[in-house]
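Residue numbers (the numbering used here): 1148 to 1217.
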């Protein structure tokens, strides 16, 4: 298992466990879904340096976000 570190958008700073490290990560958010794209290589890929970490950066919301969304 790996973890995705989310950058930008409404989920900035969140860490999400993932099974497969795809190029695109679609995450539910409020009444919509937000899309994050993978950037860079996986970190901590050794057997004794913690969970593998992959950076994902905000791309878009599948429906419009309102100013009331956190």
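Backbone N, C-alpha and C define an ideal beta-carbon position, used for all residues, glycine too. The structure displayed is predicted, hence computed values, not measured ones.
Worksheet item: Buried or exposed: where does residue 1201 fall if 16 or more other Cβ atoms within 10 Å of its Cβ makes it buried?
Response: buried
Worksheet item: From residue 1160 to residue 1153, what distance separates their C-alpha atoms?
Response: 6 Å
Worksheet item: Nearest to residue 1179 by CA position, among 1167, 1157, 1149, 1193, is which residue?
Response: 1157
Practice prompt. Go ahead and pull the three-state DSSP assignment for residue 1187.
Written response: strand
Item to complete: Spatial neighbours of residue 1169 within its chain, please: CB distance less than 8 Å, with the 5 preceding and 5 following residues excluded, ordered by chain position.
Response: 1185
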